[in-house]
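K.L.:
The sequence shown begins at 0 in numbering that gives the first Met the number 0 and counts up one residue at a time.
Even for Gly, the Cβ is constructed at its ideal location relative to N, Cα and C.
These numbers were taken from a predicted model, which means no experiment stands behind them.
Could you have a look at this structure, given as structure tokens, before my questions?
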Amino acid sequence: MIRLPHRFNRLQTLGSQSRETLARTQVLERSWPFFLDLCIAAIGLACFYAVVRIAMFWAGTAEPDIVISLRPRALPLYAFYSVVRIGLAYLLSLVFAVGYGYLAAYNKRAEPIMIAILDILQSIPVLSFLPGVMLAMVALFPTRQLGVEMGAIVLIFTGSVWNMAFSFYSSLKSIPKELVEATGIYRFSAFQRLVQLELPYAAIGLVWNSIMSVAGAWFFLMACEMFHLGSRDFRLPGLGSYLQTAADSGNGAGIAWGLGTMVAIIVATDQIVWRPLIAWSDKFKFEAVESNKRVSSPILHLLTHSNALASVLRHTTTPLSESIYARLAARRERKLMRLAEAGAPAGRRRTAVLQIVLLVAVSGVVLFAAFQAVQLLRPVQGSEYLQIAKGALATFLRVNLSLALAAAWTIPVGVAIGFHPRLARIAQPLAQIAASVPATALFPVILIALVQIGGGMGIGSIALMLLGTQWYILFNVIAGAMAIPSDLKEVATLFHFTTIQRWKTVILPGIFPFLITGMVTASGGAWNASIIAEYFRVKNQTLQTVGLGAQISAATESGKFPLLLLATIVMALMVVTTNRLVWRPLFRLAETRYKLGN
Numbered sequence: 000m001i002r003l004p005h006r007f008n009r010l011q012t013l014g015s016q017s018r019e020t021l022a023r024t025q026v027l028e029r030s031w032p033f034f035l036d037l038c039i040a041a042i043g044l045a046c047f048y049a050v051v052r053i054a055m056f057w058a059g060t061a062e063p064d065i066v067i068s069l070r071p072r073a074l075p076l077y078a079f080y081s082v083v084r085i086g087l088a089y090l091l092s093l094v095f096a097v098g099y100g101y102l103a104a105y106n107k108r109a110e111p112i113m114i115a116i117l118d119i120l121q122s123i124p125v126l127s128f129l130p131g132v133m134l135a136m137v138a139l140f141p142t143r144q145l146g147v148e149m150g151a152i153v154l155i156f157t158g159s160v161w162n163m164a165f166s167f168y169s170s171l172k173s174i175p176k177e178l179v180e181a182t183g184i185y186r187f188s189a190f191q192r193l194v195q196l197e198l199p200y201a202a203i204g205l206v207w208n209s210i211m212s213v214a215g216a217w218f219f220l221m222a223c224e225m226f227h228l229g230s231r232d233f234r235l236p237g238l239g240s241y242l243q244t245a246a247d248s249g250n251g252a253g254i255a256w257g258l259g260t261m262v263a264i265i266v267a268t269d270q271i272v273w274r275p276l277i278a279w280s281d282k283f284k285f286e287a288v289e290s291n292k293r294v295s296s297p298i299l300h301l302l303t304h305s306n307a308l309a310s311v312l313r314h315t316t317t318p319l320s321e322s323i324y325a326r327l328a329a330r331r332e333r334k335l336m337r338l339a340e341a342g343a344p345a346g347r348r349r350t351a352v353l354q355i356v357l358l359v360a361v362s363g364v365v366l367f368a369a370f371q372a373v374q375l376l377r378p379v380q381g382s383e384y385l386q387i388a389k390g391a392l393a394t395f396l397r398v399n400l401s402l403a404l405a406a407a408w409t410i411p412v413g414v415a416i417g418f419h420p421r422l423a424r425i426a427q428p429l430a431q432i433a434a435s436v437p438a439t440a441l442f443p444v445i446l447i448a449l450v451q452i453g454g455g456m457g458i459g460s461i462a463l464m465l466l467g468t469q470w471y472i473l474f475n476v477i478a479g480a481m482a483i484p485s486d487l488k489e490v491a492t493l494f495h496f497t498t499i500q501r502w503k504t505v506i507l508p509g510i511f512p513f514l515i516t517g518m519v520t521a522s523g524g525a526w527n528a529s530i531i532a533e534y535f536r537v538k539n540q541t542l543q544t545v546g547l548g549a550q551i552s553a554a555t556e557s558g559k560f561p562l563l564l565l566a567t568i569v570m571a572l573m574v575v576t577t578n579r580l581v582w583r584p585l586f587r588l589a590e591t592r593y594k595l596g597n
């Protein structure tokens with residue numbers, strides 16, 4: 000019998016172990032895509048069940064007096080209803096923001112009017128939209144729950160869409176000139192340029208403003224799911240109405256359960272939706288040198304490594320997109336040939352005639368609406384005009400003080416988060432939670448603390464405005480810091496810039512367009528938040544201070560529509576005037592001096 004050396008036996012053992020390890024690895028490699036496909040299928044089935052469940056509820060008859068249960072076991076269903084409302088409102092906001100921002104950026108004649116309208120709309124509080132929106136939706140679907148649901152979704156939309164529209168518009172205005180010229184050289188159609196240039200270039204700012212929009216939707220959820228309109232009491236089963244009922248009754252346990260559920264939803268949304276989108280949008284950064292610090296996401300890894308999803312995209316989306324591009328290119332060529340045959344002056348004359356007809360029609364509608372508004376304002380007395388003027392001045396001072404306090408801390412913190420992905424992984428979910436938690440749910444505690452130290456509703460309203468609007472600046476600064484090209488950062492490092500030089504030459508110019516967008520939307524958000532900050536109900540008591548927001552809230556609750564219209568007009572005029580004198584020149588500066596490219 001031949002005895003092999005001990006070393007040979009050991010090598011043989013190690014070889015067998017390596018083969019076993021390799022075999023296990025191959026099994027895992029074969030089974031992992033199948034597991035990913037199962038996860039994708041489970042997500043699809045869950046979405047299908049959610050659609051069926053919500054359709055059954057909305058198609059049912061309207062319930063006039065819904066009793067909101069404060070039992071914790073009611074929270075899962077309430078949370079589901081609120082998430083669906085916010086999700087639909089967000090999708091509506093995204094479509095509106097892209098469409099409106101595109102038209103405003105590329106239509107030179109309509110641009111000033113459209114931006115002025117956007118300024119006005121973002122300054123109108125949610126409660127000012129409430130009477131018209133809710134009554135119109137209920138009239139469209141008088142016997143169905145769908146009417147009240149659609150009204151709540153549109154109200155959430157009005158509180159979360161404007162910053163997304165401003166973000167997409169400012170991104171389009173700051174696209175480098177050489178990229179636009181390249182699309183012209185390669186004869187891209189308008190749709191192809193939108194999909195392959197404009198949306199990718201605006202992706203970072205749009206994603207971060209989407210986070211802020213959803214956070215704003217959570218902030219106004221209590222006002223949109225439970226409110227009074229004259230003698231009518233509208234309420235919907237949802238997380239916002241649960242928190243509002245708990246706050247009105249002083250139920251601390253109910254507030255804690257509601258806030259806990261909201262925080263859990265926000266954290267899950269961050270991991271499932273926002274973190275994959277942030278990691279995906281990072282590849283659209285306009286830079287010549289790729290950064291070695293990338294945002295990662297397990298969910299994005301799951302989606303990109305799914306065989307089933309890749310097969311669906313390969314056999315449906317890719318051929319469909321190529322077919323659409325080919326048809327649009329052929330249509331564009333035919334259009335150019337027709338214009339060449341007909342002559343450019345004739346085409347321009349037809350366009351001019353259509354614009355004149357549209358302008359006359361819009362002017363007629365505006366004049367009719369203005370006449371009706373003047374008729375509605377007739378019952379307003381002179382003393383009420385004076386009270387509104389005093390309230391407007393008080394709210395103006397609170398808004399600007401809250402903006403100054405917000406900018407003082409959000410700019411350095413936002414830059415730090417945007418420059419350090421590891422810090423972003425920790426700070427981003429915390430910021431989303433803080434931005435999404437309705438300050439009205441915490442306001443009783445804040446107000447009691449301020450009263451004990453000698454403050455009151457005056458200081459409390461500033462604190463509530465700050466809680467509701469500082470996040471607009473923070474998220475836009477984070478997006479701006481993340482969008483700064485890595486090669487600029489490396490140049491600053493190679494030349495050993497000091498901290499002051501880095502801020503003056505790289506950071507502030509790089510974040511400037513995003514910062515202005517954040518400040519504009521934060522200003523409108525602060526005016527909007529005044530309706531809650533200056534007029535608050537707790538334990539069947541109404542706490543209020545002098546301000547335009549308090550007058551709007553009181554007029555809405557009592558059904559005084561002439562006073563509501565007057566206060567809304569004054570607020571819109573103040574916001575538009577501020578935007579024209581301050582923010583619009585800064586926007587032009589961002590489009591010219593602080594624009595990447597030549």
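Please report how far the alpha carbon of V361 lies from the alpha carbon of L564, in whole angstroms.
P.N.:
Numbered from 1 along the sequence shown, position 362 holds the residue referred to as residue 361. Numbered from 1 along the sequence shown, position 565 holds the residue referred to as residue 564. Straight-line Cα distance between these residues: approximately 21 angstroms.
K.L.:
From F165, F95, G546 and L139, pick the residue whose C-alpha is nearest to that of F586; which is it?
P.N.:
In the sequence shown, counting from the first residue as 1, residue 586 sits at position 587. Of the candidates F165, F95, G546 and L139, the one whose C-alpha sits nearest the C-alpha of F586 is F165.
K.L.:
Do I119 and V575 have their CB atoms nearer than 7 angstroms?
P.N.:
Locating residue 119 in the sequence shown gives position 120, counting from the first residue. Locating residue 575 in the sequence shown gives position 576, counting from the first residue. A contact, by the Cβ cut-off of 7 angstroms.
K.L.:
Among the residues of its own chain, which have a CB less than 8 angstroms from the CB of K389, if the five just before and after it don't count?
P.N.:
Along the sequence shown, one-based indexing puts residue 389 at 390. Within the same chain, K389 has close Cβ partners V545.
K.L.:
Cα separation between L209 and E533?
P.N.:
Taking the first residue of the sequence shown as position 1, residue 209 is located at position 210. Taking the first residue of the sequence shown as position 1, residue 533 is located at position 534. For the record, residue 209 in the displayed sequence is Ser; it is not Leu. Computed Cα separation, rounded: 27 angstroms.
K.L.:
What distance in whole Å lies between the Cβ atoms of M464 and A525, which are believed to be in contact at a cut-off of 8 angstroms?
P.N.:
Residue mapping note: residue 525 aligns to position 526 of the sequence shown, counting from 1. Residue mapping note: residue 464 aligns to position 465 of the sequence shown, counting from 1. Correct: roughly 5 angstroms between the Cβ atoms.
K.L.:
Give the secondary structure of T541 by DSSP, where H, G and I count as helix, E and B as strand, and everything else as coil.
P.N.:
Residue 541 sits at position 542 when you count from the first residue of the sequence shown. Reduced to three states, the DSSP call for T541 is strand.
K.L.:
Look at the Cβ atom of F156, then the Cβ atom of L91, and state whether they are nearer than 7 angstroms.
P.N.:
The residue given as residue 156 occupies position 157 in the sequence shown. The residue given as residue 91 occupies position 92 in the sequence shown. Cβ distance < 7 angstroms, so F156 and L91 count as in contact.
K.L.:
Applying the criterion that 16 or more other CB atoms from any shown protein chain within 10 Å of the CB defines a buried residue, is Y80 buried or exposed?
P.N.:
Counting from one through the sequence shown, the residue named residue 80 turns up at place 81. Buried.
K.L.:
Between the alpha carbons of L353 and F167, how many angstroms are there, rounded?
P.N.:
Residue numbering aside, residue 353 sits at position 354 when the sequence shown is read from its first letter. Residue numbering aside, residue 167 sits at position 168 when the sequence shown is read from its first letter. Going from the Cα of L353 to the Cα of F167 covers about 27 angstroms.
K.L.:
Could you tell me how far apart the beta carbons of A96 and L102 are, in whole angstroms, since I believe they sit closer than 8 angstroms?
P.N.:
If you number the sequence shown from 1, residue 96 lands on position 97. If you number the sequence shown from 1, residue 102 lands on position 103. So it is not a contact: roughly 11 angstroms between Cβ atoms.
K.L.:
Is R234 helix, strand or coil when you go by DSSP?
P.N.:
As a working mapping, residue 234 is identified with position 235 in the sequence shown. It is a strand residue.
K.L.:
Taking only the alpha-carbon atoms, compute the straight-line gap between G86 and V476 and give it to the nearest angstrom.
P.N.:
Residue 86 sits at position 87 when you count from the first residue of the sequence shown. Residue 476 sits at position 477 when you count from the first residue of the sequence shown. Straight-line Cα distance between these residues: approximately 24 angstroms.
K.L.:
What residue range is occupied by the uninterrupted alpha helix (DSSP H) comprising S280?
P.N.:
The count along the sequence shown starts at 1 and reaches residue 280 at position 281. Element bounds for S280: R274 to S280.
K.L.:
Three Cβ pairs or more, each shorter than 8 angstroms: is that satisfied between the segment 219-226 and the segment 237-250?
P.N.:
Yes, they touch.
K.L.:
Within the same chain, show all residues whose beta-carbon is closer than 6 angstroms to that of Q243, passing over the 5 residues directly before and after it, in chain order.
P.N.:
The sequence position of residue 243 within the sequence shown is 244, counting from 1. Once the five neighbours on either side are set aside, the close Cβ partners of Q243 are M221 and M225.
K.L.:
Where does P584 sit, in a helix, a strand or coil, going by DSSP?
P.N.:
As a position in the sequence shown, residue 584 is number 585, starting the count at 1. P584 falls in the helix class under three-state DSSP.
K.L.:
Which residue marks the beginning of the alpha helix (DSSP H) containing P175, and which one marks its end?
P.N.:
Indexing the sequence shown from 1 puts residue 175 at position 176. Where P175 is concerned, there is no enclosing alpha helix (DSSP H), given that its DSSP letter is neither H nor E.
K.L.:
Could you name the residues of the same chain whose beta carbon sits closer than 6 angstroms to that of A478, not counting the 5 residues immediately before and after it, in chain order?
P.N.:
On the sequence shown, position 479 is the one that residue 478 refers to. So the qualifying residues of the chain are I203, G204, W207 and F513.
K.L.:
DSSP on Y534, reduced to helix/strand/coil?
P.N.:
If you number the sequence shown from 1, residue 534 lands on position 535. Y534 falls in the strand class under three-state DSSP.
K.L.:
What is the residue span of the alpha helix (DSSP H) that Y593 lies within?
P.N.:
As a working note, residue 593 is residue 594 in the sequence shown. Neither: Y593 is in no alpha helix (DSSP H) and is coded neither H nor E.
K.L.:
CA-CA distance, V153 and I355?
P.N.:
Position 154 of the sequence shown, counted from the start, is the residue given in the question as residue 153. Position 356 of the sequence shown, counted from the start, is the residue given in the question as residue 355. Rounded to whole angstroms, V153 to I355 spans 31 angstroms at the Cα level.
K.L.:
Run the CB neighbour count on V373, radius 10 Å, all protein chains shown included, and call it buried at 16 or more, exposed below.
P.N.:
Within the sequence shown, the letter at position 374 stands for residue 373. The residue in question, V373, is exposed, as its Cβ has fewer than 16 Cβ neighbours within 10 Å.
K.L.:
Quick one: what's got a C-beta closer than 7 angstroms to A78's C-beta in the same chain, skipping five residues either side?
P.N.:
By one-based count along the sequence shown, residue 78 stands at place 79. If we look at A78 and ignore the five residues flanking it on each side, its Cβ neighbours are L238, T260 and I264.
K.L.:
Drop a sphere of 10 angstroms on the beta-carbon of Y200, count the other beta-carbons inside from all chains shown, and report buried for 16 or more, exposed for fewer.
P.N.:
The sequence position of residue 200 within the sequence shown is 201, counting from 1. Result: buried.
K.L.:
Within this structure, are the beta carbons of A528 and G467 separated by less than 7 angstroms?
P.N.:
Position 529 of the sequence shown holds residue 528. Position 468 of the sequence shown holds residue 467. Yes, they are a contact pair.
K.L.:
Do L602 and P561 have their C-beta atoms closer together than 7 angstroms?
P.N.:
Limits of the chain in this structure are 0 at one end and 597 at the other, which puts residue 602 out of reach.
K.L.:
Measuring only the C-alpha atoms, how far is D98 from L171?
P.N.:
One-based indexing of the sequence shown puts residue 98 at position 99. One-based indexing of the sequence shown puts residue 171 at position 172. Rather than Asp, the amino acid found at residue 98 in this sequence is Gly. Rounded to the nearest angstrom, the two C-alpha atoms are 12 angstroms apart.
K.L.:
Between the Cα of T268 and those of E321, I432 and A325, spot the shortest distance and give me the residue it belongs to.
P.N.:
Reading the sequence shown from its first residue, position 269 is the one you call residue 268. Measuring from the Cα of T268, the nearest candidate turns out to be I432.
K.L.:
CB G417 to CB A480, shorter than 7 angstroms?
P.N.:
Taking the sequence shown and counting its residues from 1, the one referred to as residue 417 is at position 418. Taking the sequence shown and counting its residues from 1, the one referred to as residue 480 is at position 481. Yes, the pair counts as a contact, with Cβ atoms nearer than the cut-off.
K.L.:
Looking at the unbroken alpha helix (DSSP H) that takes in Q469, where does it start and where does it end?
P.N.:
Indexing the sequence shown from 1 puts residue 469 at position 470. Note, Q469: alpha helix (DSSP H), M456 to A482.
K.L.:
Considering Cα atoms alone, identify which of N250, L319 and Q550 is closest to L69.
P.N.:
Locating residue 69 in the sequence shown gives position 70, counting from the first residue. Nearest of N250, L319 and Q550 to L69, Cα basis: N250.
K.L.:
Whole angstroms are fine: how far does the CA of I112 sit from the CA of L358?
P.N.:
Taking the first residue of the sequence shown as position 1, residue 358 is located at position 359. Taking the first residue of the sequence shown as position 1, residue 112 is located at position 113. Rounded to the nearest angstrom, the two C-alpha atoms are 11 angstroms apart.
K.L.:
For K284 and P484, which I take to be in contact (beta-carbon distance under 8 angstroms), what is that distance rounded to the nearest angstrom?
P.N.:
Within the sequence shown, residue 284 is the residue found at index 285, counting from 1. Within the sequence shown, residue 484 is the residue found at index 485, counting from 1. Yes, K284 and P484 are in contact; Cβ-Cβ is about 7 angstroms, under 8 angstroms.
K.L.:
In terms of residues, what are the limits of the alpha helix (DSSP H) holding G249?
P.N.:
As a first step, residue 249 must be located in the sequence shown, where it is residue number 250. Note, G249: premise wrong, no alpha helix (DSSP H); not H, not E.
K.L.:
Based on Cα-Cα distance, which residue from T520, A571, V519 and A553 lies nearest to F535?
P.N.:
In the sequence shown, the residue the question calls residue 535 occupies position 536. Among T520, A571, V519 and A553, the Cα nearest to that of F535 is on A553.
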